[in-house]
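*Asks:* Numbering (our numbering), first residue to last: 57 to 316. Quick reminder that beta carbons are idealized off the backbone N, C-alpha and C, glycines included. As the structure is a computational prediction, the values presented were derived from the model and not from experiment. Pasting in a structure now, in structure tokens, and then I'll have a few things to ask.
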Ligand code: NAP
């Protein structure tokens, strides 16, 4: 059974590992190509956009895929919409892996922000030392708040032209632990942390570190998503979904007539 996994997340990599040695499935992984050196997965992979919904439909039909798994990031709204439209158009089974968002606990001081501009505005007029863990492609709201000094952590170094005037870069790839995150926040004397509500374990340590240090968090919430199909929370859920689909596909399409 041929499966296309839309990836770029921990869950997609876990799913690739889980399916790599399963003879029932023939999985491939697709990366957008946002990071310069993605980890090489244990299954065939491709890199780059498909060319919109039509391109994705062409890729899926030409490749003879039987199922599509949208294991992209919760903030990757466009590819998820394309996956849904393409799957609907050609009647392909689709499941979305949507990890639960983070929620604040006792001792957390979070302010929820609808988008990156709201987060930049919420830092305020008084100059602050701001840690940004928001990726490197959505920095323009912070360029509009040049009174602050920023520390940006991202997997790849950003284009310098995209940065606010005072911005130090820390390149690192998760997972991160609480001790390391605490040290990073302390070393840079951070007053406020701005992050996206990505959810998941790999990058959650910064929230515990901020709680320990009583640093406020500006939490950018996920873009709205209208999804009516099957949803699972993690790679194990996607494997279970595939197993059910595989079992269904193995059965005859027309039920046999019972003998009398
Ligand atoms: P996006 O805005 O939803 O997608 C923009 C375009 O990138 C899509 O229209 C598609 O191009 C292409 N694309 C996205 N994901 C793809 C994939 N897995 N395989 C092939 N093409 C893909 O997505 P984004 O926010 O730029 O994120 C891109 C990738 O980075 C995703 O795979 C996502 O899982 C990962 N990522 C995103 C974030 C984030 O915060 N956005 C964080 C971590 C990882 P075409 O229309 O040409 O097909």
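Please state whether DSSP places residue 66 in a helix, a strand or coil.
*Replies:* Residue 66: helix per DSSP, three-state reduction.
*Asks:* For residue 181 and residue 95, what's the separation of their Cα atoms in angstroms?
*Replies:* When rounded, the distance between both Cα atoms is 40 Å.
*Asks:* Quick one: what does DSSP say residue 316 is sitting in, helix, strand or coil?
*Replies:* The pLDDT assigned to residue 316 is 46, lower than 50, so where the model puts this residue is not dependable, and the model offers no usable value.
*Asks:* My output table needs one value for residue 153: the three-state DSSP class, helix, strand or coil.
*Replies:* The answer is strand: DSSP assigns residue 153 an E or B state.
*Asks:* Could you check which residue in 210, 150, 175 has the C-alpha nearest to that of residue 204?
*Replies:* With distances taken between Cα atoms, residue 204 lies closest to 175.
*Asks:* At which residue ranges does the stretch 67 to 119 contain complete beta strand (DSSP E) runs of 3 or more residues, listed in the order of the chain?
*Replies:* Fully enclosed beta strand (DSSP E) runs of 3 or longer: 82 to 87, 101 to 103.
*Asks:* Let me know if residue 254 comes out buried or exposed under the rule of 16 or more other beta-carbons within 10 Å of its beta-carbon.
*Replies:* The residue is buried, with at least 16 neighbouring Cβ atoms inside 10 Å.
*Asks:* In this structure, how does DSSP classify residue 45 when only helix, strand and coil are distinguished?
*Replies:* The chain is shown only over 57 to 316; residue 45 falls outside these bounds and no answer can be derived.
*Asks:* Would you give the residue range spanned by the beta strand (DSSP E) that residue 224 belongs to?
*Replies:* Segment 223 to 227, the beta strand (DSSP E) holding residue 224.
*Asks:* Among 98, 149, 108, 194, whose alpha-carbon lies nearest the alpha-carbon of residue 123?
*Replies:* For the residues 98, 149, 108, 194, the minimum Cα distance to residue 123 belongs to 149.
*Asks:* Per DSSP, what kind of secondary structure is residue 60 in: helix, strand or coil?
*Replies:* Of the three classes helix, strand and coil, the one that applies to residue 60 here is strand, per DSSP.
*Asks:* Is the CB-CB distance between residue 112 and residue 294 below 8 Å?
*Replies:* Not in contact: residue 112 and residue 294 (Cβ atoms no closer than 8 Å).
*Asks:* Just list the residues that DSSP pairs residue 125 with in beta bridges.
*Replies:* According to DSSP, residue 125 bridges with 61, 151.
*Asks:* Given this structure, state the Cα-to-Cα distance separating residue 68 from residue 61, to the nearest angstrom.
*Replies:* Distance between the alpha carbons of residue 68 and residue 61 is about 7 Å.
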